[in-house]
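Remarks on the structure that follows.
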Amino acid sequence: MLRVRFAPSPTGFLHVGSARTFIFNWLFARHHRGTMILRVDDTDVGRNTEASLNSIFDGLRWLGLGWDEEYRQSERLALHREMAQAIFAKDLAYRDFTPAGAADTERSGEHGTWLFPPGMRELSRAESDRRAASGEPFALRFRVPRESGRVIHFEDGVFGEQSKSTADIEDFALLRSDGMPTYHLASCADDADLRISDIIRGQDHITNTFKHIQIFEAAGVEPPRFAHLPLLVAPDGAKLSKRKHGPVVSVTTYRDAGFLPHAFLNFLCLLGWSPKNDRERMPLVELTLAFTLEGINRSNAVVNFSEADPFDPKAVWLNAETIRGMGPGALAEALTPFVTRAGFEVSPAKMALITPLIQERIRLLSEVTTVGDFFFAKQLAPYDAAELIPQKGDAAMAARALEKGAAVLATAEFRHDPLEQALRAASVELGIKAGQMFQPVRVAVCGRKNAPPLFGTLEALGRETCLERIGQALEKLKTI
RNA sequence: GGCGCUAUCGUCUAACGGUUAGGACAGAGCCCUCUCAAGGCUUAAAUACGGGUUCGAUUCCCGUUAGCGCUACCA
1 MLRVRFAPSP TGFLHVGSAR TFIFNWLFAR HHRGTMILRV DDTDVGRNTE
51 ASLNSIFDGL RWLGLGWDEE YRQSERLALH REMAQAIFAK DLAYRDFTPA
101 GAADTERSGE HGTWLFPPGM RELSRAESDR RAASGEPFAL RFRVPRESGR
151 VIHFEDGVFG EQSKSTADIE DFALLRSDGM PTYHLASCAD DADLRISDII
201 RGQDHITNTF KHIQIFEAAG VEPPRFAHLP LLVAPDGAKL SKRKHGPVVS
251 VTTYRDAGFL PHAFLNFLCL LGWSPKNDRE RMPLVELTLA FTLEGINRSN
301 AVVNFSEADP FDPKAVWLNA ETIRGMGPGA LAEALTPFVT RAGFEVSPAK
351 MALITPLIQE RIRLLSEVTT VGDFFFAKQL APYDAAELIP QKGDAAMAAR
401 ALEKGAAVLA TAEFRHDPLE QALRAASVEL GIKAGQMFQP VRVAVCGRKN
451 APPLFGTLEA LGRETCLERI GQALEKLKTI
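When we follow this note's numbering, the leftmost residue of the first sequence carries the number 1, and every step to the right adds one.
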């Protein structure tokens with residue numbers, strides 16, 4: 001039975017890179033009818049926060065994929081210590097009494113770092129036991145074979161054959177001096193206990209894998225298969241980070257900006273993975289069917305955002321496409337929270353009228369209040385009266401069009417087709433082009449030149465509002 | 001510094017060693033049209049560099065350069 005896990009540590013919000021790792025694991029699990037496990041890697045008690053945990057769960061729930069089993073590392077400490085003890089018992093680990101951080105200064109010299117703490121590796125067992133018994137704190141370090149010249153090998157599901165000499169691997173810690181397991185130990189102990197068959201994680205772990213394989217071997221466990229994912233980077237090439245790149249690296253930022261979960265997920269899938277058949281917009285089932293490790297490439301992918309444009313244009317396009325593909329009812333429902341959040345009230349009936357008018361004009365759900373603000377606002381935002389003047393016309397023409405428009409709208413049946421007929425007829429009567437008739441009316445009711453189709457807009461706005469706004473526009477015209 | 005990884009249009013990517021190096025987004029232009037969108041058509045845009053191997057390299061090998069990652073008692 002294939003088992004994979006996603007193992008976030010609750011030390012920050014859910015990162016887009018983490019979200020992608022989750023999605024790829026999920027797709028891999030579903031593709032192979034395996035089990036998806038969520039494991040919270042919370043052994044760094046100093047850095048864990050409740051807010052972070054919430055952010056991660058919020059983000060994952062928003063994605064809507066779900067998982068089959070859930071664990072928390074902090075509840076499994078006994079298991080981790082047991083494994084550490086077993087490794088220590090085989091003398092494959094040793095106590096390091098160097099005070100935490102004390103070696104940092106000497107190790108950060110010109111030419112890098114040492115592979116193991118001076119003196120500690122060679123400490124006799126008797127001496128080690130004596131100091132431990134006296135209560136002196138110590139970290140437990142893995143004893144990487146030094147003289148053997150051994151080379152660790154593994155076959156990476158994405159990067160292929162990997163190898164590294166043990167001579168280049170430092171004696172990493174298993175247990176901290178407070179007794180808490182480190183990531184390496186806890187992760188391996190849990191992966192072994194949970195019978196994880198495939199570890200799919202970021203490429204930043206590729207060098208850690210050589211350590212992990214040694215832990216599995218020391219514990220007498222068959223290591224799982226590994227596959228590493230290329231990293232998501234910013235346009236400057238650096239790994240995405242909150243400090244450097246701001247909220248664009250958080251999944252909740254995308255949610256709050258009005259991305260649909262599937263569009264976001266679809267976008268992430270296209271970063272570093274390809275179905276190799278030119279397909280881009282894909283429903284979940286297709287993604288699940290198509291997803292293989294072979295489709296993952298090896299170079300980092302740029303998330304193409306900027307200060308001017310906080311979201312990758314491709315993500316935005318995918319979202320716009322997804323919005324266009326939605327049924328009007330579902331879209332109206334998705335849009336409503338964004339309307340109310342902006343401080344407007346709207347009835348479901350009016351929302352049903354507005355939605356088709358803006359459906360292909362918004363790329364993000366949040367744009368409902370920028371593209372369609374005039375549908376919701378009681379008062380139109382101030383606009384330049386000159387906008388009312390049609391092409392090849394003047395203020396007088398605008399005034400005639402508006403007066404005629406008001407007259408027509410006062411009696412017309414307020415539905416799309418009758419409105420169009422009435423307004424077209426009005427333009428003929430005035431001896432002006434249809435566009436010269438529509439333009440002043442559009443600006444009068446919308447407050448701007450670029451707006452959704454006029455007749456549907458008038459219908460959604462209703463007679464009273466339209467007439468009121470045309471009246472205001474006529475007043476405005478007098479100021480020219 | 002050491003170790004590891006990577007390198008095709010601006011970005012995401014495709015191409016059994018043989019293609020006019022394909023697609024998508026973004027850009028430009030045209031068409032459609034009540035404006036804006038959407039849609040349709042067209043267009044510009046790439047194999048980092050240098051050596052091999054080969055009849056033939058985007059593709060295989062080596063080197064250079066550049067970038068990234070790891071080098072914590074973080075994960």
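All residues carry an ideal CB built from backbone N, CA and C; glycine is no exception.
Using a Cβ distance threshold of 7 Å, ALA395 and LEU474 do not count as a contacting pair.
Under the DSSP assignment, THR166 falls outside any beta strand (DSSP E); it carries neither an H nor an E label. The distance from the Cβ of ILE37 to that of ASP68 is about 7 Å, consistent with a contact at the 8 Å cut-off. Looking at the DSSP output, ARG201 sits in a beta bridge with HIS228. Excluding sequence positions up to five before and after ARG176, its CB lies within less than 7 Å of the CB of ALA139 and THR182, all in the same chain and listed in chain order. Between THR411 and LEU364, the alpha-carbon positions lie close to 37 Å from each other.
Between the region 337-353 and the region 274-293, the count of Cβ pairs shorter than 8 Å is below three; the stretches do not touch. Counting C-beta atoms within 10 angstroms of its own C-beta, GLU459 has 16 or more neighbours from the protein chains shown and is therefore classed as buried. A direct Cα-Cα distance of roughly 13 Å separates GLY462 from CYS446. Counting only runs of 4 or more residues that sit fully inside the region 327-412, the alpha helix (DSSP H) segments are 328-341, 348-358, 368-371, 373-376 and 395-411, in chain order. Only residues of its own chain outside the window of five on either side were considered, and among them none has a CB closer than 6 Å to the CB of MET282. Beta-bridge partners assigned by DSSP to GLU155: GLU161.
Excluding sequence positions up to five before and after PHE291, its CB lies within less than 6 Å of the CB of LEU27 and HIS31, all in the same chain and listed in chain order. Across the set ASN300, GLU217, ARG39 and ASP171, the C-alpha of ARG39 shows the shortest separation from the C-alpha of PHE6. Of LYS449, VAL428 and LEU454, the smallest CA-CA separation from ASP417 is found for LEU454. Around ALA381, the same chain offers GLY447 as residues with beta carbons nearer than 6 Å, after the five sequence neighbours per side are excluded. With 16 or more other Cβ atoms from the protein chains shown falling within 10 Å of its own Cβ, VAL144 counts as buried. Judged by DSSP in its simplified three-state form, HIS15 adopts strand.
With contacts defined by Cβ atoms closer than 7 Å, ASP198 and VAL4 form a contacting pair. In the DSSP secondary-structure assignment, PHE311 is not bridged to any residue.
In terms of Cβ geometry, PHE376 and VAL346 form a close pair [threshold 7 Å]. Note that the C-beta distance between LEU53 and PRO10 is below 7 Å. Per DSSP, reduced to three states, the secondary structure at GLU147 is coil, with no helix or strand assignment. DSSP, read as helix, strand or coil, puts PHE138 in coil.
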